Amino acid sequence: MLRLISGLMLLLLASLSASDACAHAFLDHAEPRVGNKVGNPPREVTLWFTQKLEAAFSSITVTGPSGQRVDAGKARISGDQMSVSLKGGGTGTYHVNWRVLSVDTHTTDGSFTFQVGP
Ligand SMILES: [Cu+2]
């Protein structure tokens, strides 16, 4: 019984220190840039992260000024970079929502906006 408890304690300590040591994948920068204004609807949105991504569990959705989805669907992932093509949606505020699984097996998500207009 004592052996079982000390074994569990070791497991707990190991998982705590693992989550402390790991950095996760956070958004480093994006194109169009976070919060920026661009003249024309971009053909695609690209995000760069602080860690490499697992392609199977990483996704982006982009909604246009009237709340409609403007992303073409499947994100393309290469290393620490994720892109999705856009269908275009006029001028106004675009919302980008991302969710990624990094190679350290942790999931992170977030969102930002950019503007399209003169
Ligand atoms: Cu992590």
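Residue numbers for the sequence shown follow our numbering, so the first one is 67 and each next one is one higher.
Note that beta-carbon positions come from the ideal geometry of N, C-alpha and C, so glycine has one too.
These figures come from a predicted structure and were not determined experimentally.
- Excluding sequence positions up to five before and after Val100, its CB lies within less than 6 Å of the CB of Phe178, all in the same chain and listed in chain order.
- The closest heavy atom of ligand 1 lies less than 7 Å from the beta carbon of Asp170.
- A distance criterion of 7 Å places the beta-carbon of Ala138 beyond contact range of ligand 1, judged by its closest non-hydrogen atom.
- With a 10 Å radius around the Cβ and a threshold of 16 neighbouring Cβ atoms, Asp137 comes out buried.
- If you ignore the 5 residues before and after Ser149, its C-beta comes within less than 6 Å of the C-beta of Glu110, Thr112, Arg142, all in its own chain and listed in chain order.
- By the 16-neighbour rule on beta-carbons within 10 angstroms, Ser132 is exposed.
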